[in-house]
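**Student:** Heads up: the sequence lines are chains A and B, in that order.
Residue 50 is where the first sequence starts when you use this note's numbering, and the numbers rise one by one after that.
Residue 429 is where the second sequence starts when you use this note's numbering, and the numbers rise one by one after that.
Glycine residues also receive a C-beta, built at the ideal position from the N, C-alpha and C atoms.
Source: prediction; values computed, not measured.
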Amino acid sequence: MSLHEITLTVNSAVHRGLVPARLSLVDFLREGLLLTGTHAGCEHGVCGACSILLDGVPMRSCLLFAVQADGCAITTVEGLAPGPEGLSVLQDSFWETHALQCGFCTPGMLIAAQALLQSTLTPSDEEIREAIGGNLCRCTGYKQIVDAVKLAADRLRGSNRAEGGVQP
Amino acid sequence: MKAVDFDYARPASIGEACGLLAAGGDEAKIIAGGQTLVPLMAMRMARPALLVDINRIAELNGIESGSDYVTLRSCTRQAAALADETIRLRAPLLAKALRFVGHGQTRNRGTIGGSLANADPAAEIGLAALVLDARIEAHSATGRRQIPIAEFFIGPMMTALAPEECLTAIRLPLWQEPGRLGTGFQETSARRSDFALAAAAVQLILDTEGTCRRIALGVGGVGSVPLRIDAAMERLLGTRLDDDDIGDAARIVYRAIDPAPDLHASADYRRRLAASLVERALAEAKRDALARKA
Ligand code: FES
Ligand code: FES
Numbered sequence: 050m051s052l053h054e055i056t057l058t059v060n061s062a063v064h065r066g067l068v069p070a071r072l073s074l075v076d077f078l079r080e081g082l083l084l085t086g087t088h089a090g091c092e093h094g095v096c097g098a099c100s101i102l103l104d105g106v107p108m109r110s111c112l113l114f115a116v117q118a119d120g121c122a123i124t125t126v127e128g129l130a131p132g133p134e135g136l137s138v139l140q141d142s143f144w145e146t147h148a149l150q151c152g153f154c155t156p157g158m159l160i161a162a163q164a165l166l167q168s169t170l171t172p173s174d175e176e177i178r179e180a181i182g183g184n185l186c187r188c189t190g191y192k193q194i195v196d197a198v199k200l201a202a203d204r205l206r207g208s209n210r211a212e213g214g215v216q217p
Numbered sequence: 429m430k431a432v433d434f435d436y437a438r439p440a441s442i443g444e445a446c447g448l449l450a451a452g453g454d455e456a457k458i459i460a461g462g463q464t465l466v467p468l469m470a471m472r473m474a475r476p477a478l479l480v481d482i483n484r485i486a487e488l489n490g491i492e493s494g495s496d497y498v499t500l501r502s503c504t505r506q507a508a509a510l511a512d513e514t515i516r517l518r519a520p521l522l523a524k525a526l527r528f529v530g531h532g533q534t535r536n537r538g539t540i541g542g543s544l545a546n547a548d549p550a551a552e553i554g555l556a557a558l559v560l561d562a563r564i565e566a567h568s569a570t571g572r573r574q575i576p577i578a579e580f581f582i583g584p585m586m587t588a589l590a591p592e593e594c595l596t597a598i599r600l601p602l603w604q605e606p607g608r609l610g611t612g613f614q615e616t617s618a619r620r621s622d623f624a625l626a627a628a629a630v631q632l633i634l635d636t637e638g639t640c641r642r643i644a645l646g647v648g649g650v651g652s653v654p655l656r657i658d659a660a661m662e663r664l665l666g667t668r669l670d671d672d673d674i675g676d677a678a679r680i681v682y683r684a685i686d687p688a689p690d691l692h693a694s695a696d697y698r699r700r701l702a703a704s705l706v707e708r709a710l711a712e713a714k715r716d717a718l719a720r721k722a
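1) Using only CA atoms, which one of Ile482(B), Gln614(B), Glu707(B) and Gly494(B) lies nearest to Leu735(B)?
2) Does the stretch 574-592 of chain B come within contact of the stretch 698-707 of chain B, defined as at least 3 CB pairs closer than 8 angstroms?
3) Going straight from the alpha carbon of Ala477(B) to that of Ser493(B), what length do you get?
4) Indicate, with yes or no, if ligand 1 has a heavy atom lying under 7 angstroms from the CB of Ala590(B).
5) Flag Ala122(A) as yes if its beta-carbon sits less than 8 angstroms from any beta-carbon of chain B, otherwise no.
6) Gly132(A) versus chain B: which residues are under 9 angstroms apart at the beta carbon?
7) His53(A) bridges to which residues according to DSSP?
8) Is Tyr697(B) helix, strand or coil by DSSP?
9) Going by beta-carbon coordinates alone, are Leu705(B) and Ala626(B) separated by less than 8 angstroms?
10) Does at least one heavy atom of ligand 1 sit under 7 angstroms from the Cβ of Ala98(A)?
11) Run through DSSP, which three-state label would Ala551(B) get?
12) CB Ile685(B) to CB Val653(B), shorter than 8 angstroms?
13) Kindly list the residues whose CB is nearer than 6 angstroms to the CB of Ile177(A), restricted to its own chain and excluding five residues on each side of it in sequence; keep chain order.
14) From the DSSP output, read off the bridge partner residues of Ala456(B).
15) Measure how close the beta-carbons of Val75(A) and Thr87(A) come, nearest whole angstrom, since I'm counting them as under 8 angstroms.
16) Since His567(B) sits in a beta bridge, which residues does DSSP pair it with?
17) Report the three-state DSSP secondary structure of Phe581(B) (helix, strand or coil).
18) At a CB-CB cut-off below 7 angstroms, which residues of chain B make contact with Glu92(A)?
19) Does the beta carbon of Val63(A) fall short of 7 angstroms from some heavy atom of ligand 1?
20) Just to confirm my understanding: we take Leu645(B), look at its own chain, exclude 5 residues before and 5 after, and list those with CB closer than 6 angstroms. What are they?
21) Spell out a yes or no on whether the stretch 53-67 of chain A and the stretch 120-128 of chain A are touching, meaning 3 or more CB-CB pairs, one atom from each, closer than 8 angstroms.
22) Could you give the DSSP three-state label for Leu560(B): helix, strand or coil?
23) Quick check on Ser100(A): does DSSP put it in helix, strand or coil?
24) Hey, is Phe143(A) close to ligand 2, as in C-beta under 7 angstroms from one of its heavy atoms?
25) Quick one: residues in its chain with C-beta nearer than 8 angstroms to the C-beta of Pro172(A), no 5 flanking neighbours on either side, listed in chain order?
26) With the cut-off set at 8 angstroms, would you say Ala450(B) and Ser568(B) are in Cβ contact?
27) Can you give the Cα-Cα distance for Lys714(B) and Leu632(B), rounded to whole angstroms?
28) Would you call the stretch 522-531 of chain B in contact with the stretch 543-552 of chain B, where contact means no fewer than 3 C-beta pairs closer than 8 angstroms?
29) Are Ala678(B) and Glu712(B) touching if we call contact CB-CB under 8 angstroms?
30) Checking the sheet assignment: what are the DSSP bridge partners for Arg599(B)?
31) Tell me whether Leu149(A) counts as near ligand 2, meaning its Cβ is closer than 7 angstroms to at least one heavy atom of that ligand.
What follows is the structure in structure tokens.
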């Protein structure tokens, strides 16, 4: 077994670890760092439940080995909320529009939507569907998820006018 | 769904990577974006003893535009190529194909070279590369060579690359004949971003009269490798791509292919689909060319 020392930043905190090469990044996050918000669904790149931001870019953490993320900055769903108690505008919009039922897909959906809202606050329905196109949901039928992202974009545009800049 | 144990190395140069591959023999495997390889490893269909991670080799990243070629280094991310102005302007067929490759999240990690090296018969980048008559550049510890794309794909997930070779770049020759260039790429899949049930790609040049002076046409997902259909190209050369011409070409494609049935589509459905997609891709390419200034 080959062990590798890695250092990576997760939700702004620096972590060190000694990982076997075969350990996936999602397993490292969940079992090594106990950040169980990121879900492991299919574990072969199909469902999107494991989506994270790697250096700001959304991708599947089941298709990365933890050792490959050495030196990178990762954001998981835990990093979206302003604190342990509160919800981000995007998360609150999911709550508001009933964009989740069982919740299994939700962390991945939030990450995918977060990446979209970081690039535009005026996404079209088409762009929203494209952004979450790699994430499967077996419960909602997607409509409420699209509604949630639109609502979040509306709110963020509003707050940007009032306060000059709010995080999604 | 976990990969078997393996060793891992992260070389900093092409030379170092080739050295590791030469020492590792059949047991060593390159990992680039991992969007094809890691699922295979998770399902235990691939069990490399050593992964050679080429993601951080700077000389394997980037797009260059020369007078005769556009060159894409193998580790260029699919998302970067899709957003690239040079690709959009000088290799528009590839840009069109890239929109169909996986979805945003896999394109963010997946690479141009990785898609080619894995040679999925339904892969869009391979089809575009075939139609554009690309050259594949590969390095090994003993040197480098260029492989014409026509000799590159051997079968499903099989290429002319030797185990100790690293795909380092793909070169797309530019079409420089006078006239108006048009491209078309059409695909049908069960869900958007899913694997293609069939795909068709066309690039052509129309002269001022609208007569076709050069054309290349191929289909993907309907054989063990992407296929160029020469007889259909010959049928269209010198025509104005009227409905009759396009219909004939589609029938030639229909007869030329022999797709296999699978869970997602019967052989007959795939064959009819491919012929329809060829018609649509030809119409799209014609429209595209005619919309350009002569
Ligand atoms: S767990 Fe990663 S895509 Fe399903
Ligand atoms: S809420 Fe259950 S899978 Fe999406």
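**Tutor:** Considering the structure as presented:
1) Here chain B has residues from 429 to 722 only, and residue 735(B) is not among them.
2) no
3) Start at 1 with the first residue of the second sequence, and residue 477(B) comes out as number 49. Start at 1 with the first residue of the second sequence, and residue 493(B) comes out as number 65. Taking the straight line joining both Cα atoms gives about 37 angstroms.
4) On the second sequence, position 162 is the one that residue 590(B) refers to. No, since every heavy atom of ligand 1 falls outside the 7 angstroms radius drawn around the Cβ of Ala590(B).
5) Taking the first residue of the first sequence as 1, we reach residue 122(A) at position 73. By this cut-off, Ala122(A) is not an interface position.
6) What you label residue 132(A) is simply residue 83 of the first sequence in a count that begins at 1. Simply none; closest approach about 27 angstroms.
7) Translated into the one-based positions of the first sequence, residue 53(A) becomes position 4. Answer is Val68(A), bridged to His53(A).
8) Position 269 of the second sequence holds residue 697(B). DSSP places Tyr697(B) in helix when its eight states are reduced to three.
9) What you label residue 705(B) is simply residue 277 of the second sequence in a count that begins at 1. What you label residue 626(B) is simply residue 198 of the second sequence in a count that begins at 1. Contact: yes.
10) Residue mapping note: residue 98(A) aligns to position 49 of the first sequence, counting from 1. Relative to ligand 1, Ala98(A) has its C-beta within less than 7 angstroms of a heavy atom.
11) To locate residue 551(B), count along the second sequence from 1; it is residue 123. Look at Ala551(B) here: in three-state DSSP terms it is coil, with no helix or strand label.
12) Locating residue 685(B) in the second sequence gives position 257, counting from the first residue. Locating residue 653(B) in the second sequence gives position 225, counting from the first residue. Taking 8 angstroms as the Cβ cut-off, Ile685(B) and Val653(B) do not qualify as a contacting pair.
13) Here residue 177(A) is taken as the residue at index 128 of the first sequence, counted from 1. Closer than 6 angstroms at Cβ, skipping near neighbours: Val195 and Val198.
14) The residue given as residue 456(B) occupies position 28 in the second sequence. Bridge partners of Ala456(B): Leu478(B).
15) As a position in the first sequence, residue 75(A) is number 26, starting the count at 1. As a position in the first sequence, residue 87(A) is number 38, starting the count at 1. Yes, they are in contact, since the Cβ atoms of Val75(A) and Thr87(A) sit about 6 angstroms apart, within 8 angstroms.
16) Reading the second sequence from its first residue, position 139 is the one you call residue 567(B). For His567(B), which the question treats as bridged, DSSP gives the partners Arg572(B) and Cys594(B).
17) In the second sequence, the residue the question calls residue 581(B) occupies position 153. Of the three classes helix, strand and coil, the one that applies to Phe581(B) here is strand, per DSSP.
18) Numbered from 1 along the first sequence, position 43 holds the residue referred to as residue 92(A). Going along chain B in sequence order, the residues near Glu92(A) (Cβ under 7 angstroms) are Met429 and Ala470.
19) For the purposes of this step, residue 63(A) is identified with residue 14 of the first sequence, where counting begins at 1. For ligand 1, not one heavy atom lies less than 7 angstroms from the Cβ of Val63(A).
20) On the second sequence, position 217 is the one that residue 645(B) refers to. Cβ within range, chain order: Val630, Ile657, Ala660 and Met661.
21) yes
22) In the second sequence, counting from the first residue as 1, residue 560(B) sits at position 132. Correct three-state label for Leu560(B): coil.
23) Sequence index remark: in the first sequence, residue 100(A) carries index 51 (1-based). In the structure shown, Ser100(A) sits in a strand (DSSP, three-state: E or B).
24) Counted from its first residue, the first sequence places residue 143(A) at position 94. Flag unset: Cβ of Phe143(A) not near ligand 2.
25) Residue mapping note: residue 172(A) aligns to position 123 of the first sequence, counting from 1. Around Pro172(A): Leu165, Leu166, Ala180, Val198, Lys199 and Ala202.
26) Within the second sequence, the letter at position 22 stands for residue 450(B). Within the second sequence, the letter at position 140 stands for residue 568(B). It is a contact, given that the beta carbons lie within the stated cut-off.
27) The residue labelled residue 714(B) in the question sits at position 286 within the second sequence. The residue labelled residue 632(B) in the question sits at position 204 within the second sequence. In this structure, the straight-line span from the alpha carbon of Lys714(B) to that of Leu632(B) is close to 8 angstroms.
28) They touch, by the three-pair rule.
29) As a first step, residue 678(B) is located in the second sequence; it is residue number 250 there, counting from the start. As a first step, residue 712(B) is located in the second sequence; it is residue number 284 there, counting from the start. No, these two residues do not count as a Cβ contact at 8 angstroms.
30) The residue given as residue 599(B) occupies position 171 in the second sequence. The partner list for Arg599(B) (beta bridge, DSSP) reads Thr499(B) and Arg563(B).
31) Position 100 of the first sequence, counted from the start, is the residue given in the question as residue 149(A). Look at Leu149(A): its beta carbon is less than 7 angstroms from one of the heavy atoms in ligand 2.
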